[in-house]
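Down below is the structure, laid out as structure tokens.
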Amino acid sequence: MATDTLKSKPGAQGGATGGLRRLLLDNGALTALIVLVIAMSALSGDFLTADNLLNVGVQAAVTAILAFGVTFVIVSAGIDLSVGSVAALSATVLAWSATEAGIPVALAVVLAVLTGIVCGLVNGFLVSYGKLPPFIATLAMLSVARGLSLVISQGSPIAFPDSVSHLGDTLGGWLPVPVLVMVVMGLLTAFVLGRTYIGRSMYAIGGNEEAARLSGLRVKKQKLAIYAFSGLFAAAAGIVLASRLASAQPQAAQGYELDAIAAVVIGGASLAGGTGKASGTLIGALILAVLRNGLNLLSVSAFWQQVVIGVVIALAVLFDTVRRKAGATAPAAGASGGDKGRQALTYVIAAVVAVAVVGATSLLHNGSSAAAKPKIGLSLSTLNNPFFVQIRDGAEEEAKKLGVDLTVTDAQNDASQQANQLQNFTSGSLDAVVVNPVDSDAAGPSVRSANKADIPVVAVDRGVNKADTSALVASDNVEGGALGAKALAEKLGGKGTIVILQGQAGTSASRERGAGFAEGLKDYPGIKVVAKQPADFDRTKGLDVMTNLLQAHPDIDGVFAENDEMALGAIKALGSKAGKSVQVVGFDGTPDGLKAVQAGTLYASVAQQPSELGRIAVRNALRAAEDEKVEKMVKVPVKVVTKENVAGFEG
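Residue numbers (my numbering): 255 to 905.
What follows is the structure in structure tokens.
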């Protein structure tokens, strides 16, 4: 093969060197995947197990299915930023139709698929006939689809029908259904690209749209079909994702459109259009899944994981540029039998080398029997919030004190990402797991997997539904909401108008705190709620939302924010009114919140002592791992902290 390469490229420097260079350029994604697998196998003895490799497949499935649809768009020199939102909308339509509307499940599935196709057709119409740039058209659909998902679900997860939830299960107790769906969708993508008229049209349009039009292709109609395909695949991905979580999450798949695009580009497709193939897209999705899985197993910081993923994407685009300048091309549809034969031989040789190296590293790990510290995994819903940072700090402090090796992951308020992280913990030889669920229902299937593996699980701050936990370490969000209502109402003398800043739609914390506040407010009929708006537990959004609400309600007397971050944003918007003519009550008792209480701008914060939550959770997880008795419910008291008692409070 090296000789053939040398003959075909006379300027190459030596047959072997030129052949290797050509091999690496033409199969860069496969080379990267093999190197990653070898590296992760060498660095972690838990990586190369059957359960973990199946985990990687499951975690790659949703991204891969989305990416297959995006492949059609990118091959035709387009872009689709809406696939994540369309996936969430399709799943929500299915769940709502089958449960709330009472529509037969089979018809609900058809409606979900049609929802994805219609969204794709709208994108295609805006691009083809509306002359909108694909970036703008699909960006608009991203917002519309996400908004409709929230409207239909009212911001709360909807339980998925049991008959469809089996898509998230396994066949024969070991083969995950999501992996099978991924393979089927991949074969369909390969068939469409390589064996159909529309597939050849995609390459023609991506290579030179004007030339394609002049050659007789009906480009506008082809683009309608291309974006409809993308919507169809997004709907399939949404159904698979919701099946894994046993619920349709209105905020699910946020950011997945970027992962899908990254998988296509890493797999060798060019953003300029004209190149791309299903196998490359699958390899790109597997690379992302292997990276995330391996970095979890290696206990790499959640923040550094984002850096690594970003670097890999940048390198992939850079490699694509180098490959095109060097004249290397991905094998196109309809390549000669000889080319396909050489490519197949390349894959076989690469696989043999990978297996040999991986086998050697496995023997290396098996030979190591050094005593290790107890291992505990901590999956937090987010680290973009001081409250959960304090939980982490308390947990790390206790782990150090007890001699525990603690691995912390950040789910970034994404229930599906947390499911992946919990799966990685289950296959990572951990002694126990501590989970702070993004959503109590969505965490259930992953915790049940840990139950099957006999790994004790401790829930912190929020419980897990339909799964066994050794303990729940939490303060009562409902009680805290009621205490917040009482504190604000009494400060206002039992009468006045207030606004409520709600947390992120779909999270159990927001639902429970809001429900508790509403219940507590029933004892004060003189208090009128004039507005409720979500600010996603974020300080900046709290500032923006409060600024907007003040335009409509300039004379309010009070504000209840479902966490301190939003309360601090509201204080900034209120300016000199905060703590004087307008009283603000927050929730969590974060350091910045307590400083504002001390300064008098925040009247009160319902404090949960998050550091103590983290410490107690790790303590109980270690006890459960050592088969010691653990209380099923461990309550950490909440208290209303005001200026009078803030000096003696420790979070």
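We put the beta carbon where it would ideally sit given N, CA and C, even for glycine. Model, not experiment: these values are computed from the prediction.
Three or more Cβ pairs closer than 8 Å define a contact, and the segment 678–691 falls short of that threshold against the segment 518–536.
Where residue 480 is concerned, the enclosing alpha helix (DSSP H) starts and stops at 473–499. The C-beta of residue 558 has fewer than 16 other C-beta atoms within 10 Å across all chains shown, which makes the residue exposed. Taking a C-beta distance under 8 Å as the contact criterion, residue 556 and residue 535 do not qualify as a contact pair.
As the crow flies, the alpha-carbon of residue 545 is around 22 Å from that of residue 638.
Cβ contact annotation for residue 334 (same chain, cutoff 6 Å, sequence separation greater than five): 324, 327, 392 and 484, in chain order. With fewer than 16 other Cβ atoms from the protein chains shown falling within 10 Å of its own Cβ, residue 354 counts as exposed. From the listed residues 784, 824, 537 and 804, the smallest Cα separation to residue 795 is found for 824.
Under the DSSP definition of a beta bridge, residue 659 partners with 629. In the three-state reduction of the DSSP assignment, residue 332 falls in the coil class. Looking at 465, 469, 505 and 448, the one whose alpha-carbon comes closest to that of residue 530 is 448.
In this structure, DSSP gives residue 893 an extended state, which the three-state scheme calls strand. The beta carbons of residue 724 and residue 878 sit closer together than 8 Å. Residue 430 is bridged by DSSP to 424.
Note that the C-beta distance between residue 366 and residue 499 is not below 8 Å.
Between residue 735 and residue 774, the C-beta spacing is below 8 Å. Within a 10 Å sphere around the beta-carbon of residue 887 sit fewer than 16 other beta-carbons, which makes this residue exposed. The DSSP assignment places complete beta strand (DSSP E) segments of no fewer than 3 residues inside the segment 766–816 at 781–788 and 812–815, in order along the chain. For residue 416, no pairing in a beta bridge is given by DSSP.
When the alpha-carbon of residue 689 is set against those of 634, 761 and 550, the nearest one is in 634.
Residue 693 is not a Cβ neighbour of residue 387, given a cutoff of 8 Å. DSSP, read as helix, strand or coil, puts residue 859 in strand. In this structure, residue 569 sits away from residue 727, with a CB-CB distance that is not shorter than 8 Å. Taking residue 339 as the centre and dropping the five residues before and after it, the same chain places the C-beta of 396, 399 and 400 closer than 6 Å to its C-beta, in chain order. Annotation: residue 857 to residue 889 spans about 25 Å, alpha carbon to alpha carbon. Taking a 10 Å sphere around the C-beta of residue 747, we find fewer than 16 other C-beta atoms and assign the residue as exposed.
One Cα belongs to residue 573, the other to residue 783, and the distance between them is close to 56 Å.
Assigned with DSSP and collapsed to three states, residue 752 falls in strand. When beta bridges are read from the DSSP output, residue 841 appears opposite 860.
Listed in chain order, the non-local C-beta contacts of residue 305 below 6 Å within the same chain comprise 681, local neighbours out to five positions each way being set aside. In the structure shown, residue 324 adopts helical secondary structure according to DSSP, grouped into three states. Residue 725 is bridged by DSSP to 712. Judged by pairs of C-beta atoms under 8 Å, the segment 297–315 does not touch the segment 454–474, as fewer than three such pairs exist. Its chain contains no residue whose beta carbon lies nearer than 7 Å to that of residue 450 once the 5 sequence neighbours on both sides are disregarded.
In the DSSP assignment, residue 689 falls within the unbroken beta strand (DSSP E) covering 686–689. Each of 863, 708, 493 and 902 was checked against the Cα of residue 364, and the nearest Cα belongs to 493.
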